[in-house]
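K.L.:
Numbering (the working numbering), first residue to last: 42 to 649.
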Ligand code: F6R
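1) Secondary structure at residue 313, three-state DSSP: helix, strand or coil?
2) What do you reckon, are the CB atoms on residue 235 and residue 494 nearer than 8 Å?
3) Look at the alpha carbon of residue 148 and the alpha carbon of residue 185, and state the distance between them as a whole number of angstroms.
4) Over what stretch of residues does the alpha helix (DSSP H) that includes residue 292 continue unbroken?
5) With a floor of 3 residues, list each beta strand (DSSP E) that falls wholly inside the segment 544 to 587, ordered by position along the chain.
6) Can you name the start and end residues of the alpha helix (DSSP H) that residue 328 belongs to?
7) Between which residues of its own chain and residue 193 is the CB-CB distance below 6 Å, once the five residues before and five after are set aside?
8) First and last residue of the beta strand (DSSP E) that includes residue 367?
9) Under three-state DSSP, which class holds residue 390?
10) Give me the Cα-Cα distance between residue 377 and residue 513, rounded to the nearest whole angstrom.
11) Going by C-alpha to C-alpha distance, which of 326, 643, 237, 611 sits closest to residue 109?
12) Among the candidates 625, 602, 130, whose CA atom is the shortest distance from the CA of residue 87?
13) Looking only at its own chain, which residues have a Cβ that is under 7 Å from the Cβ of residue 359, when we skip the five neighbours before and after it?
14) Roughly how many angstroms lie between the CA atoms of residue 598 and residue 571, to the nearest whole one?
15) Is the distance from the Cβ of residue 411 to the Cβ of residue 383 below 8 Å?
16) Contact defined as beta carbons within less than 8 Å: I believe residue 651 pairs with residue 304. What is the distance between those atoms, to the nearest angstrom?
17) Is the Cβ-Cβ distance between residue 205 and residue 81 less than 8 Å?
18) What do you reckon, is the C-beta of residue 369 under 7 Å from a heavy atom of the ligand F6R?
19) Return the CA-CA distance between residue 396 and residue 380, expressed in angstroms with no decimal places.
20) Could you tell me which residues DSSP puts in a beta bridge with residue 276?
21) Does the beta-carbon of residue 125 have 16 or more other beta-carbons within 10 angstroms, so that it is buried, or is it exposed?
22) I'd like the span of the alpha helix (DSSP H) that includes residue 264, first residue to last.
23) Indicate the three-state DSSP secondary structure (helix, strand or coil) for residue 422 in the structure shown.
24) Using 7 Å as the cut-off, classify the Cβ of residue 525 as near or not near the heavy atoms of the ligand F6R, replying yes or no.
25) So which of 151, 56, 296, 496 has the shortest CA-CA distance to residue 100?
26) Out of 160, 647, 648, 629, state which residue places its alpha-carbon closest to the alpha-carbon of residue 640.
27) Rounded to whole angstroms, how far is the Cβ of residue 429 from the Cβ of residue 445, which I believe are closer than 8 Å?
28) If you measure between the beta carbons of residue 548 and residue 500, is that distance less than 8 Å?
29) Decide if the segment 344 to 358 is in contact with the segment 281 to 301; the criterion is three or more beta carbon pairs, one per stretch, under 8 Å apart.
30) Hey, is the segment 62 to 71 in contact with the segment 219 to 229, meaning 3+ C-beta pairs nearer than 8 Å?
31) Does the segment 332 to 345 come into contact with the segment 470 to 480, if we say contact requires no fewer than three beta-carbon pairs (one atom in each stretch) closer than 8 Å?
32) What residues in its chain sit with their C-beta under 7 Å from that of residue 563, if we drop five residues either side in the sequence?
33) Distance check for residue 239 and residue 327, CA to CA, integer angstroms please.
34) Looking only at DSSP bridge pairs, what is residue 203 linked to?
35) Judging by CA-CA distance, which residue of 425, 438, 472 is the nearest neighbour of residue 285?
36) For residue 383, name the three-state secondary structure that DSSP assigns.
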């Protein structure tokens, strides 16, 4: 949430920073701004709305200088207006700051500043930092930032410049992500590596309560007391191509197409020559794994749906009770956890505040915490006992697609691995499931060639005010995911239900012509599901049925029939999810909406 970037080097700072903001815009797009230091003057431009508004304003100005900071905002304190856009300056224009996060004691700090005669220029919590740092400044920006950070409560990543320090950008972090990009004669900081991936692939993660001094010639990291701390650098194993649209109109459409590879990469290197799973990353002994008596999965949004699908697999294969919880609720009901509990935290970004807090709670209760995340070095992965990385590559569209498919794949791997260790499935069965799993990438690729009817359907239903999604068993979480995608992308009121439940209320929503999408691929409950389809059809619903290739039983119940390649029923979500992603993107497109950046949302939700 909020993307920030800082640069000092030899290039035009404005260009480097705006390019970084373009890649970070998925983190928030309520407003954007930059500050460039030139000849002892901090020049600022900021605009409400998407980055394009800022770029338009910048086209009419010249902002030379080789040191710059930038910000793209997801509003928390104060509406998304020009005056609340970052960067913020102190009264003298000496300090410029951009900020991601929330400063919880800002009201106390504002009171103090106002008593001292400071007149606040915005409604943000961020502005206090500019005033406080300006007051604390005594010729050493990093020292001033350290002093102010000690006073701040809450979560923040701050990036600052001072007009008297032409070779210095200072950044600090607490609870939120910050990464350093190490170049040659130039250095960077950003919310994630996409901020500087066009310039360097050498990176270092900034840890909790550290302050970074970024200069042309090098980077120094200290703790809040000023002691220098060493850290490891790492090489980013993907490049700008992965973070660009590559000819697609929207990132989401590209990311949908990348799903076969996301599954392949998540499986890659995790299968043994004997055809079994090894997950060294779990870093738990076999004895500890055998001692697990219950599993909790905690996650939000689409990641929560991946967890629901994983539950069916883990319970079936491992005979372990699995509870899937929305992370935002988990810790507040005081769940019963202990050393016999495995908590799996699923998060694409690895930064979601609700999930992070749930992880912290679980660890405080001595549960084992395994992070399933797509983001190397993310806070959730670092604060968990172990991390299993999904290898979907960078996901830029706000709506999650390839990361979700990789999460589901990872959950299947966890289930099969645990079942082997715990002896609940024999090696032959595990091998057979893995063979089926390895076929999935080709099946997704084939399915993706059949999307024309889905696109046509999207154009037909684009003006419908309401759509229902029904499924049973593993089809139920897919119904939830299909509904979530349609809601968030196309702003259509969509509901996902277990098909057996609709007669207890939701069927009242069905009217003449109401589109009802049914996930009816072959599984044990299919006959019952088709009865439920008849019930809605008898009440006028227009049924859109996803059915397995060659399965004729669903044909009579479908107004629109969408075919899905055959696979084992437990693995079917990896296929049925695909047309629903395409449907929601295409409905959004038909409604003239921005598929990658739906209103009010941000990709990485770092507020509770
Ligand atoms: C929906 C979507 C969100 C995320 C949720 C969790 O398309 O993208 O619902 O799944 O915000 O995010 P992560 O996985 O980063 O914790």
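All residues carry an ideal CB built from backbone N, CA and C; glycine is no exception. Computed from a prediction, not measured in an experiment: that's the story for all the values here.
P.N.:
Concretely, from the data shown:
1) coil
2) no
3) 20 Å
4) 292 to 298
5) 556 to 560
6) 327 to 331
7) 144
8) 363 to 367
9) coil
10) 29 Å
11) 237
12) 130
13) 456, 459, 460, 463, 465
14) 7 Å
15) yes
16) No answer is possible for residue 651: the residues shown for the chain start at 42 and end at 649.
17) yes
18) no
19) 20 Å
20) 243
21) buried
22) Where residue 264 is concerned, there is no enclosing alpha helix (DSSP H), although the beta strand (DSSP E) it sits in stretches over 259 to 264.
23) helix
24) yes
25) 56
26) 629
27) Contact flag wrong, Cβ pair sits at about 15 Å.
28) no
29) no
30) no
31) no
32) 589, 592, 610
33) 43 Å
34) 136
35) 438
36) strand
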